[in-house]
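Participant: The structure is given below, and queries will be raised subsequently.
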Amino acid sequence: MEMKSVRAIAFVIRCSGAATAAFGLATAAGLPQAVWAAMSALIVSQERLLETRSALTGRILGTLLGTGVTVMVSEITFRAGLPVAAQMAVAIAICALIAREHPRCRVAMWTCALVLLTAQPSVPIELVALRRTTEVILGAIVGWIFHFAAEAIVDRRTPLLIRSIGRAAADVVLPARGRHRSARAQTKG
Numbered sequence: 350m351e352m353k354s355v356r357a358i359a360f361v362i363r364c365s366g367a368a369t370a371a372f373g374l375a376t377a378a379g380l381p382q383a384v385w386a387a388m389s390a391l392i393v394s395q396e397r398l399l400e401t402r403s404a405l406t407g408r409i410l411g412t413l414l415g416t417g418v419t420v421m422v423s424e425i426t427f428r429a430g431l432p433v434a435a436q437m438a439v440a441i442a443i444c445a446l447i448a449r450e451h452p453r454c455r456v457a458m459w460t461c462a463l464v465l466l467t468a469q470p471s472v473p474i475e476l477v478a479l480r481r482t483t484e485v486i487l488g489a490i491v492g493w494i495f496h497f498a499a500e501a502i503v504d505r506r507t508p509l510l511i512r513s514i515g516r517a518a519a520d521v522v523l524p525a526r527g528r529h530r531s532a533r534a535q536t537k538g
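In our numbering, the protein residues as written are 350 to 538.
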């Protein structure tokens, strides 16, 4: 099979597997919005492992920034009686200022909306932020793990497997030659 086809199949399997595994883990952990784990697993899944790692770190940093800013803004503006839309506008504006200088953290802006729009009045904003952060980071890490595993299988193990099969075949085809060298080495020593 051509390496391009192998990579295409690996991409399909790792994306599908990562989203499913992230959703399953988030659900098993009792996280209420497991959909964000599945989405994060897909969002970080890039074409190359280095790009996926970069997306992973950006996703984690941006999520932490976004949730931190959102909690801070929500605590301050809630006391002033500002509606959720105004809280979101302020939080996103702060994150946009930071993301303009640090593009990898752009996810912070949609994290603000994610936290505020999934919040319920009966649940403290800190708990909502913790849950969304956990869901997103869990999914991102699962996405990276699946990509890393796929690369290990496709790029590293395939040549190793071929070499192992080649050595085994050589031992079967050329056993006398190998034994002959061993006998010569023993007589010289």
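Where a beta carbon is used, it is the ideal one built from N, C-alpha and C, also for glycine.
Can you tell me which of L465, T412, G488, T460 puts its alpha carbon nearest to the alpha carbon of A390?
Facilitator: G488
Participant: Give me the Cα-Cα distance between V485 and Q436, rounded to the nearest whole angstrom.
Facilitator: 21 Å
Participant: Can you tell me whether R449 is helix, strand or coil according to DSSP?
Facilitator: It is helical.
Participant: Considering only residues of the same chain and omitting the five flanking positions on each side of L510, which have a CB-CB separation below 8 Å?
Facilitator: Bear in mind that the predicted position of L510 carries a pLDDT of just 47, short of 50, making it unreliable; the figure below should be weighed with that in mind. Nothing listed; no residue qualifies.
Participant: Of the choices T406, V472, I494, whose alpha-carbon is the least far from that of H451?
Facilitator: Of T406, V472, I494, the residue nearest in Cα terms is T406.
Participant: In the DSSP assignment, find the unbroken alpha helix (DSSP H) run with A499 in it and report its ends.
Facilitator: 474-500
Participant: Is the beta carbon of A457 less than 9 Å from the beta carbon of G492?
Facilitator: No, Cβ-Cβ distance for A457 and G492 is not below 9 Å.
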